[in-house]
Amino acid sequence: MKRLSTIFLLLASIFIVNSDLFACSNVIVTRGASKDGSVMVTYSADSHQLYGEVYYRPAQSFPKGTMMDIYEWDSGKYLGKIPQVSKTYQTVGNMNEHQLIITETTFGGLQQLPNPDGIIDYGSLIWVTLQRAKTAREAIKIMDELTQTYGYASGGESFSIADKNEAWIMEMVGKGEEKGTVWVAIRIPDGYISAHANQSRIDKFDMNDPENCLYSKDVISFARKAGLFEGEDSEFSFCDTYCPADFSGLRGCEARVWAAFNILGKGRFDWEDASGSHSRAANEYLDFAMGRNAANKMPLYIKPAQKVDVHEVANVMRDHYENTPMDMTTDIGAGPHALPYRWRPMSFEYEGKRYTHERAIATQQTGYWMLGQARNWLDDTVGGILWFGVDDAATSCLSPIYTNTTEIPECFREGNGSMMKYSPTSAFWLFNRVTHFAYLMYDRVAPVLQDAAKKHETTCMKEVTEIDKEAQKLVKAGKEKKAIKLLTEYTVNTAQKMFNDWQELENFVLVKFMDGNVKHQNEDGSFKDNGHDKDIPASPGHPPYPEKWLKAIVEDNGETLRIN
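Here the sequence shown stands for residues 13 to 576, where the numbers follow the working numbering.
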């Protein structure tokens, strides 16, 4: 045990959260915070190596003694085998047929050494649990059992775990050479929203409130044994002990939570806890988000300024800190076209001082992003929808996939292309092509893509309402198979229409913005010709560079470029 304590103290001294590696974002919306009473969870699976596709596993039955192979999600490394259960539930991405949603963000924490013999990593933990659990509470129990039984092969992780009635945040870390994990799970109060983004957020917690707080029995005693905590139980903080915040964890991670709260709270953070009601301006936490005051912790959850719908929550995932001090579109790094991205690495050094680029919620390296929607007024056959998209959330759209579909749209199908293999029928590659073009002239092209995304999502939200009614009637009439057929056809056809529309959009933006020109359009949307030949465009527009950019050019090379 002395060796374990020494290892943890050493690792505590070299604690680091690497924002370049850990880069996912989650927003959680409880029933009372949504306009229609649904529970919603968003997730951006951000990785420079992850391909965007829908993982689909139909429900199955297995004979006794069947074993299940486990592969690490991040690397594909084989980890081992665990016993398979007799019956699994259907899973579609990060949801299952019972409307259970599980997503994650990695915080790493103290680099406490994943269990060298661990078989379960955070990715397999999600998908194995989705195959076995019906509710959030059952999922928490199963996740604990899996890691305690088979060992945990990952570092610190925050999980969003939600069903059609409630939503939880569960934070988990491994125990080094010991098998198992320590963890805490907090239920988000109804009417509230929460978020996490690669930094542990659970602080002190009520150990006598099993309705709203669950935890591993050794979450504190293990910290004492490892030399990480010495105070009274009432003083114990999960995040301070297992993932103490540094500049990177705040500026690269908690800042994204601040942005989500700022958007949905409309500039105010309102919440209640054991000490009473609180209301503070979002800017009062700006020093925390910007990495300058770790003690000024944000609340774990807040009340939104108003109830929200699918499109409004999806828009949070498109944020680049616009209209805040961290706005990525306004400094000289954005170039002449207000590009809200900075290619990696995130940090740099100049004249002996270190600096950082911002890491917003929307990012270029998103593999896939999603909004899981669970609706308790509908039968499970109809109620679960995975709103799914690929690539950069700011310039892509979400398409609805019912979680009881029997077919995945070809453009999202697992195996249709990869990060190493281009596919002309893959949505991931199509959206990457279009968005890469947008990066050249972001202020001109991105608004066109964003308008198209809004149109698609708004149309789908209206259509889903009608499809729900029709499918629910079929279920109530005992025609569940017909209902599932209806949902499958809508899922597949809607995604294919989106794919076709985006192909046309790609052609349009290429023609309109080619070579830095901006072709003029008629009222009906057609391009204006020169008045003599319909195939020759009217003289195109040439929007000027912004004054700030011109000033930078002059300061850098003005004498060479100056006209005498």
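Note that beta-carbon positions come from the ideal geometry of N, C-alpha and C, so glycine has one too.
Rounded separation between Ala151 and Leu562 - CA only: As a working note, residue 151 is residue 139 in the sequence shown. As a working note, residue 562 is residue 550 in the sequence shown. Answer to the nearest angstrom: the Cα atoms are 56 Å apart.
Member of Ala286, Cys472, Asp282 and Asp527 whose CA lies at the smallest distance from the CA of Asn295: Numbered from 1 along the sequence shown, position 283 holds the residue referred to as residue 295. Of the candidates Ala286, Cys472, Asp282 and Asp527, the one whose C-alpha sits nearest the C-alpha of Asn295 is Asp282.
Where Gln96 sits in the DSSP three-state scheme: Numbered from 1 along the sequence shown, position 84 holds the residue referred to as residue 96. Here Gln96 sits in coil by DSSP.
Limits of the alpha helix (DSSP H) - the one that Asp299 falls within: As a working mapping, residue 299 is identified with position 287 in the sequence shown. Its alpha helix (DSSP H) spans residues Leu298 to Ala301.
Extent of the continuous alpha helix (DSSP H) run through Met602: Here the chain comprises residues numbered 13 to 576, so residue 602 is not present and cannot be evaluated.
Runs of alpha helix (DSSP H) wholly within the segment 406 to 446 (minimum 4 residues, chain order): none
For Tyr626, three-class secondary structure by DSSP: Outside the displayed range of the chain (13 to 576) lies residue 626, so it cannot be described from this structure.
Residue environment, Glu116, which counts as buried when at least 16 other CB atoms sit within 10 Å: On the sequence shown, residue 116 is found 104 positions in, with the first residue counted as 1. Glu116 comes out buried.
Where His532 sits in the DSSP three-state scheme: Here residue 532 corresponds to residue number 520 of the sequence shown, with the count starting at 1. It is coil, neither helix nor strand.
Extent of the continuous alpha helix (DSSP H) run through Ser136: Within the sequence shown, the letter at position 124 stands for residue 136. That run of the alpha helix (DSSP H) goes Tyr134 to Leu142.
Contacting residues, own chain, Cβ-Cβ under 7 Å from Asn576 (five flanking each side not counted): Translated into positions along the sequence shown, residue 576 becomes position 564. Cβ within range, chain order: n/a, list empty.
Val140 vs Val196 beta-carbon contact at 8 Å: Here residue 140 corresponds to residue number 128 of the sequence shown, with the count starting at 1. Here residue 196 corresponds to residue number 184 of the sequence shown, with the count starting at 1. Contact flag unset, no.
Rounded separation between Asp568 and Leu442 - CA only: Here residue 568 refers to the residue found at position 556 of the sequence shown. Here residue 442 refers to the residue found at position 430 of the sequence shown. For Asp568 and Leu442, the distance between alpha carbons rounds to 38 Å.
Contact between the segment 333 to 346 and the segment 310 to 318 (3+ Cβ pairs under 8 Å): no
Residues near Ala35 in its chain [Cβ-Cβ closer than 6 Å; skip 5 each side]: Here residue 35 is taken as the residue at index 23 of the sequence shown, counted from 1. So the list reads Asp58, once near-sequence residues are dropped.
Residue environment, Tyr376, which counts as buried when at least 16 other CB atoms sit within 10 Å: Position 364 of the sequence shown, counting from 1, holds the residue named residue 376. It is Gln, not Tyr, that sits at residue 376 in the sequence shown. Label assigned to Gln376: buried.
Given 8 Å, three or more beta-carbon pairs between the segment 386 to 396 and the segment 358 to 366: no
The segment 525 to 536 / the segment 462 to 470 touching (three or more Cβ pairs under 8 Å): no
For Leu158, the nearest candidate out of Cys265, Lys491, Gly130 and Arg268 (CA to CA): Here residue 158 refers to the residue found at position 146 when the sequence shown is read from its first residue. The candidate whose alpha carbon is nearest that of Leu158 is Gly130.
Assigned secondary structure, Tyr254 (DSSP; H/G/I helix, E/B strand, else coil): Here residue 254 corresponds to residue number 242 of the sequence shown, with the count starting at 1. In the structure shown, Tyr254 sits in a helix (DSSP, three-state: H, G or I).
Residues bridged to Glu627 [DSSP beta-bridge criterion]: Residue 627 is absent from the structure shown; the chain starts at 13 and stops at 576.
Local Cβ density within 10 Å of Ala286, reported as buried at 16 or more and exposed below that: As a working note, residue 286 is residue 274 in the sequence shown. With fewer than 16 Cβ atoms within 10 Å of its Cβ, Ala286 is classed as exposed.
Alpha carbon of Arg268 to alpha carbon of Arg213, nearest angstrom: For the purposes of this step, residue 268 is taken as the residue at position 256 of the sequence shown. For the purposes of this step, residue 213 is taken as the residue at position 201 of the sequence shown. Roughly 12 Å between the two C-alpha positions.
Three-state secondary structure (DSSP) of Asp36: Position 24 of the sequence shown, counted from the first residue, corresponds to residue 36. The sequence given here places Cys at residue 36; Asp does not occur at that position. Coil, per DSSP.
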